[in-house]
Amino acid sequence: MTELATRAQAFGLIADGVAAGLSAPWRLYLARGCRYLSLSVGDRIEWNAWRTHLGCPEISVRVYDAGGEIRRASVAEVLLDGCRISVELVEEVSTADLERLLVVDPLTEPEER
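Below, the structure written as structure tokens:
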């Protein structure tokens, strides 16, 4: 794709991914003027597939409290012809997941006794 100047081209980009076997995003947001396209996906497998398909070099992860629930938002972004495209996954995380983040390698670290 050489340009994302129109809504049809932006939606065509998503249709091409779905035609290639990727799961359709559960939410799609296209900003007026086609300068920002956001896809929300349902799980980590879909997130990895879309970010690989789009060639997203920038990845960010944010962990936050949402009214007593801990969530992790993973966002991968790429800039194509002046249009910023992001693929987002929001997951609920347990406190056990957070504790794993503090351990460098849970398979090699000794257990506390």
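Count the sequence shown with numbering that gives the first Met the number 0 and you get residues 0 to 112, in order. C-beta atoms are modelled at their ideal positions from N, C-alpha and C, and glycine is treated no differently. Quick caveat, the model's predicted, so the values are computed rather than measured.
Going along the chain, which residues of its own chain have a beta-carbon closer than 6 angstroms to the beta-carbon of residue i, five neighbours each way excluded?
i, result
"V92", "I69, R71"
"Y28", "S37"
"V128", "Outside the modelled stretch of the chain, which goes from 0 to 112, sits residue 128, for which no answer is possible."
List the endpoints of the continuous beta strand (DSSP E) containing residue i.
i, result
"V118", "The requested residue 118 is not part of the displayed model; the chain covers only 0 to 112."
"L53", "Run containing L53: none in the beta strand (DSSP E); it sits in the alpha helix (DSSP H), 43 to 53."
Grab me the residues of residue i's own chain with a C-beta within less than 8 angstroms of its C-beta, minus the 5 sequence neighbours each way, in chain order.
i, result
"R112", "Confidence is the limiting factor: at R112 the pLDDT is only 46, short of 50, which leaves the residue's position unreliable, though a coordinate-based value still follows. So the list is empty, once near-sequence residues are dropped."
"R6", "L29, C33"
So the alpha helix (DSSP H) residue i belongs to, where does it begin and stop?
i, result
"D15", "6 to 18"
Pull up the distance between the alpha-carbon of residue i and that of residue j, whole angstroms please.
i, j, result
"F10", "I84", "12 angstroms"
"G81", "A95", "40 angstroms"
"P56", "E76", "7 angstroms"
"G170", "G41", "Not covered by the structure: residue 170. The range shown for the chain is 0 to 112."
"V17", "E98", "36 angstroms"
"Y63", "E87", "15 angstroms"
"Q8", "E45", "22 angstroms"
"L12", "G54", "13 angstroms"
"R43", "R50", "10 angstroms"
Who does residue i pair with in a DSSP beta bridge?
i, result
"R71", "V62, E90"
"R26", "S39"
"L78", "R83"
Got a sec? Which residues, its chain only, sit under 7 angstroms from residue i by beta carbon, not counting five neighbours each side?
i, result
"E90", "R70, R71"
Mind checking whether residue i and residue j have CB atoms under 8 angstroms apart?
i, j, result
"H52", "A14", "no"
"R26", "S39", "yes"
"A48", "L21", "yes"
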